[in-house]
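*Asks:*
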Amino acid sequence: MPGWLHGRVAPSLHRLVDLSARPVRVAAARPTLRRGLRLIGVSLLALYTVAVGIGVLVDTLPRSLPALAAVAVVQAVPVVLVIHRPIAAWWLSLLTALPYLILLGSSAEPGAGAAFWPWSPAGIVAQLFVGLVVAYQVPPPVYLTQWLLTGAVAVIAEAVFTGRAQINNGLVLSGFHAAGLAGVAIARWLRDVRRELRHQVGLTEQERLQRTALEERTRIARELHDVVAHHMSVIAVQAEAAPFRAPGLDAAATESFASIRTNALAAMTEMRQILGMLRSDQDAIRYEPQPTLADLEALLDNCRSAGLTLHTEVRGDVRVLPEQVELIAYRVLQEALSNVIRHAPGADVEVVVSYGRDALDLRVSNSPHAGRPVLAGAGHGLTGMRERAAVLGASLRAGHRADGWYEVTMSLAVGPG
Numbered sequence: 002m003p004g005w006l007h008g009r010v011a012p013s014l015h016r017l018v019d020l021s022a023r024p025v026r027v028a029a030a031r032p033t034l035r036r037g038l039r040l041i042g043v044s045l046l047a048l049y050t051v052a053v054g055i056g057v058l059v060d061t062l063p064r065s066l067p068a069l070a071a072v073a074v075v076q077a078v079p080v081v082l083v084i085h086r087p088i089a090a091w092w093l094s095l096l097t098a099l100p101y102l103i104l105l106g107s108s109a110e111p112g113a114g115a116a117f118w119p120w121s122p123a124g125i126v127a128q129l130f131v132g133l134v135v136a137y138q139v140p141p142p143v144y145l146t147q148w149l150l151t152g153a154v155a156v157i158a159e160a161v162f163t164g165r166a167q168i169n170n171g172l173v174l175s176g177f178h179a180a181g182l183a184g185v186a187i188a189r190w191l192r193d194v195r196r197e198l199r200h201q202v203g204l205t206e207q208e209r210l211q212r213t214a215l216e217e218r219t220r221i222a223r224e225l226h227d228v229v230a231h232h233m234s235v236i237a238v239q240a241e242a243a244p245f246r247a248p249g250l251d252a253a254a255t256e257s258f259a260s261i262r263t264n265a266l267a268a269m270t271e272m273r274q275i276l277g278m279l280r281s282d283q284d285a286i287r288y289e290p291q292p293t294l295a296d297l298e299a300l301l302d303n304c305r306s307a308g309l310t311l312h313t314e315v316r317g318d319v320r321v322l323p324e325q326v327e328l329i330a331y332r333v334l335q336e337a338l339s340n341v342i343r344h345a346p347g348a349d350v351e352v353v354v355s356y357g358r359d360a361l362d363l364r365v366s367n368s369p370h371a372g373r374p375v376l377a378g379a380g381h382g383l384t385g386m387r388e389r390a391a392v393l394g395a396s397l398r399a400g401h402r403a404d405g406w407y408e409v410t411m412s413l414a415v416g417p418g
């Protein structure tokens with residue numbers, strides 16, 4: 002058995018003769034089984050066409066056996082080809098009439114015989130099979146054209162080789178195709194029904210997954226609201242009340258408490274927007290005003306109030322960039338500065354924003370921290386920044402420089418200004 006045939010048929014035959022108690026994985030076996038059965042069926046039909054074709058030709062045409070066998074084999078070739086090249090197989094099935102017509106024309110006088118067919122009986126079976134396979138795969142107008150051409154070939158061949166311009170045999174051949182077409186129409190309808198059913202099942206499963214995700218997001222939003230919102234509210238209230246509970250605070254302390262309250266309220270506002278997005282199956286947050294690089298100065302002032310010494314520089318042609326670029330750039334700068342506040346309180350910080358022709362370059366670097374870290378980090382900040390950068394195909398680098406400073410850099414591709 003050829004290697005390619007063994008590779009296709011052997012797995013299916015192995016499953017058919019496997020009598021062990023282990024369960025059969027039907028879903029995994031079905032495609033291979035279908036391919037194997039299809040190949041076996043086509044091979045048997047091709048062998049039938051050759052065997053019956055030789056037998057009929059030997060009885061009707063006084064020719065040598067090799068010549069008759071060659072004609073029978075040629076008429077069987079489209080049966081095998083139709084699996085991979087259905088349209089080419091159909092055209093070839095029309096051309097296979099030529100060898101048979103040549104033998105027929107050289108063996109009988111023109112006009113002899115009561116009936117004329119451009120194919121042998123076995124060739125007609127092969128031609129009908131190929132035509133129906135094509136009809137199953139192509140749109141109805143294409144098959145209608147193929148059907149009419151097949152009938153026309155039968156009529157023209159009879160007129161050329163016998164001198165009779167009759168359409169009886171063409172009509173009979175077309176009738177065979179019409180009968181098969183009824184079965185093909187039913188098969189196509191069943192195929193479309195199954196396809197639509199699979200589509201609907203897929204939609205139902207997708208809706209179920211979306212509903213489950215929405216329910217989970219709603220639960221998370223509820224927990225966040227109950228826990229985080231409560232604590233942020235307490236922080237804001239206590240920061241506002243602190244100057245009154247401890248009179249005599251200097252201006253710097255009073256300003257620090259005011260900054261704490263402002264940041265707590267801002268965090269609550271943004272958290273409400275995020276909670277609204279979590280509770281909705283729509284991207285609700287996109288309808289809320291999002292921070293951009295135009296808000297960078299307010300962010301820097303906020304960081305200065307937290308004790309950072311900032312040195313900022315904006316280079317290049319400052320311009321409005323695409324909304325997503327502006328938002329991601331702002332969030333990366335915000336997270337980088339927050340990391341400095343958490344891990345290097347009191348450090349000197351350099352912030353450089355460079356507007357290039359095709360890129361926006363960001364750099365945040367800080368000196369080695371002099372104080373103890375305010376909070377122990379879990380590494381989520383850098384992960385979040387890298388994920389934001391990846392949204393736009395950018396890369397983010399973070400690490401210590403040779404002089405001991407810690408640096409975060411990112412380059413975002415933008416259109417020319």
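In our numbering, the protein residues as written are 2 to 418.
Note that CB positions come from ideal geometry on N, CA and C, so glycine has one too.
1. Taking the C-alpha atoms as reference points, what is the distance between residue 369 and residue 403?
2. Can the beta-carbon of residue 363 be found closer than 8 Å to that of residue 411?
3. By the three-class DSSP mapping on this structure, what secondary structure does residue 349 have?
4. Quick check on the DSSP output: the alpha helix (DSSP H) that includes residue 305 runs from which residue to which?
5. For residue 66, which residues from the same chain have a beta carbon less than 8 Å from its beta carbon, with the 5 sequence-adjacent residues on both sides left out?
6. On a CA-only basis, which of 333, 365 and 354 is nearest residue 348? Give me that one, please.
7. For residue 256, collect the residues of the same chain with a Cβ closer than 8 Å to its Cβ; drop the 5 residues on either side in sequence, then sort them by chain order.
8. Could you give the C-beta distance for residue 300 and residue 335, rounded to a whole number, given that I count them as a contact under 8 Å?
9. Enumerate in chain order the residues of its own chain whose CB-to-CB distance from residue 189 is below 7 Å, with the five nearest sequence positions on each side excluded.
10. Does the Cβ of residue 155 lie closer than 7 Å to at least one heavy atom of the ligand GDP?
11. Counting pairs of Cβ atoms below 8 Å between the stretch 196 to 203 and the stretch 145 to 160, do you hit three or more?
12. DSSP state of residue 362, grouped into three classes?
13. Measuring CA to CA, which of 84, 49 and 75 is closest to residue 40?
14. Using a Cβ-Cβ cutoff of less than 6 Å, which residues in the same chain neighbour residue 407 once the five nearest sequence positions on both sides are dropped?
15. Mind checking who residue 412 pairs with in its DSSP beta bridge?
16. Can you tell me where the alpha helix (DSSP H) with residue 131 in it begins and where it stops?
17. Could you name the residues of the same chain whose beta carbon sits closer than 7 Å to that of residue 127, not counting the 5 residues immediately before and after it, in chain order?
18. What do you get for residue 135, buried or exposed, if any count of 16 or more other CB atoms within 10 angstroms of its CB means buried?
19. Take residue 325 as the anchor and find which of 351, 343 and 293 has the nearest alpha-carbon.
20. Compare the beta carbon distance of residue 331 and residue 383 with 8 Å and say whether it is the shorter of the two.
21. Where residue 385 and residue 145 are concerned, what is the direct C-alpha to C-alpha distance, given to the nearest angstrom?
22. Leaving out the 5 sequence neighbours to the left and right, which residues in its chain are closer than 7 Å to residue 357 when beta-carbon positions are compared?
23. Please state whether DSSP places residue 192 in a helix, a strand or coil.
24. Between the alpha carbons of residue 388 and residue 329, how many angstroms are there, rounded?
25. Which of the three DSSP states is assigned to residue 151 in this structure?
26. By how many angstroms is the C-alpha of residue 90 removed from the C-alpha of residue 111?
27. In angstroms with no decimal places, state the Cα-to-Cα distance between residue 241 and residue 250.
28. Taking the alpha-carbon positions, what's the residue 193 to residue 183 distance?
29. Identify whether residue 65 lies in helix, strand or coil by the three-state DSSP scheme.
30. Please classify residue 248 as buried or exposed, where buried requires at least 16 other C-beta atoms within 10 Å of its C-beta.
31. On the criterion of 16 or more Cβ atoms from any shown chain inside 10 Å, does residue 211 qualify as buried, or is it exposed?
*Replies:* Let me lay it out:
1. The residue you call residue 369 lines up with position 368 of the sequence shown. The residue you call residue 403 lines up with position 402 of the sequence shown. If I take the Cα positions, the gap works out to 12 Å.
2. For this step, residue 363 is matched to residue 362 along the sequence shown. For this step, residue 411 is matched to residue 410 along the sequence shown. Yes, the Cβ-Cβ distance between residue 363 and residue 411 is below 8 Å.
3. For the purposes of this step, residue 349 is taken as the residue at position 348 of the sequence shown. Residue state, collapsed to three classes: strand.
4. In the sequence shown, the residue the question calls residue 305 occupies position 304. Per DSSP, residue 305 belongs to the alpha helix (DSSP H) from 297 to 306.
5. Counting from one through the sequence shown, the residue named residue 66 turns up at place 65. Excluding sequence neighbours, residue 66 sits near 55 and 59.
6. As a position in the sequence shown, residue 348 is number 347, starting the count at 1. Looking at the Cα atoms, 365 is the closest of the given residues.
7. Translated into the one-based positions of the sequence shown, residue 256 becomes position 255. Result list for residue 256: 306, in chain order.
8. Taking the sequence shown and counting its residues from 1, one reaches residue 300 at position 299. Taking the sequence shown and counting its residues from 1, one reaches residue 335 at position 334. Indeed they touch by this definition, with Cβ atoms about 6 Å apart.
9. One-based indexing of the sequence shown puts residue 189 at position 188. Counting only Cβ-Cβ distances below 7 Å, and skipping sequence neighbours, we find 137.
10. By its list of ligands, the structure shown contains no ligand whatsoever, and the ligand GDP lies outside what it can speak to.
11. no
12. Indexing the sequence shown from 1 puts residue 362 at position 361. Strand.
13. Taking the sequence shown and counting its residues from 1, the one referred to as residue 40 is at position 39. Check the Cα spacing between residue 40 and each of 84, 49 and 75: the tightest is with 84.
14. Taking the first residue of the sequence shown as 1, we reach residue 407 at position 406. Hits under 6 Å: 367 and 401.
15. Residue mapping note: residue 412 aligns to position 411 of the sequence shown, counting from 1. Bridge partners of residue 412: 362.
16. By 1-based counting over the sequence shown, the position of residue 131 is 130. Residue 131: member of the alpha helix (DSSP H) spanning 122 to 138, first to last residue.
17. For this step, residue 127 is matched to residue 126 along the sequence shown. 50, 76, 77, 79, 80 and 94, listed in sequence order.
18. Counting from 1 along the sequence shown, the entry for residue 135 is found at position 134. Flag for residue 135 reads buried.
19. Your numbering for residue 325 matches position 324 in the sequence shown. Of the listed residues, the one whose Cα sits closest to residue 325 is 293.
20. Counting from one through the sequence shown, the residue named residue 331 turns up at place 330. Counting from one through the sequence shown, the residue named residue 383 turns up at place 382. In this structure, residue 383 does not lie closer than 8 Å to residue 331 by Cβ.
21. Within the sequence shown, the letter at position 384 stands for residue 385. Within the sequence shown, the letter at position 144 stands for residue 145. One C-alpha to the other measures close to 60 Å.
22. As a working note, residue 357 is residue 356 in the sequence shown. The answer, listed in chain order, is 317.
23. Looking up residue 192 in the sequence shown gives position 191. The answer is helix: DSSP assigns residue 192 an H, G or I state.
24. Residue numbering aside, residue 388 sits at position 387 when the sequence shown is read from its first letter. Residue numbering aside, residue 329 sits at position 328 when the sequence shown is read from its first letter. Taking the straight line joining both Cα atoms gives about 10 Å.
25. Taking the sequence shown and counting its residues from 1, the one referred to as residue 151 is at position 150. Note: residue 151 maps to helix in three-state DSSP.
26. Numbered from its first residue, the sequence shown carries residue 111 at position 110. Numbered from its first residue, the sequence shown carries residue 90 at position 89. Unreliable placement is indicated for residue 111, whose pLDDT of 44 sits below 50; the coordinate value is still reported in the next sentence. Using only the alpha carbons, I get a separation of about 30 Å.
27. Residue mapping note: residue 241 aligns to position 240 of the sequence shown, counting from 1. Residue mapping note: residue 250 aligns to position 249 of the sequence shown, counting from 1. So the alpha carbons of these two residues sit roughly 13 Å apart.
28. Here residue 193 refers to the residue found at position 192 when the sequence shown is read from its first residue. Here residue 183 refers to the residue found at position 182 when the sequence shown is read from its first residue. If I take the Cα positions, the gap works out to 15 Å.
29. Residue numbering aside, residue 65 sits at position 64 when the sequence shown is read from its first letter. Three-state result, residue 65: coil.
30. On the sequence shown, position 247 is the one that residue 248 refers to. Result: exposed.
31. Indexing the sequence shown from 1 puts residue 211 at position 210. Exposed, since its Cβ has fewer than 16 Cβ neighbours within 10 Å.
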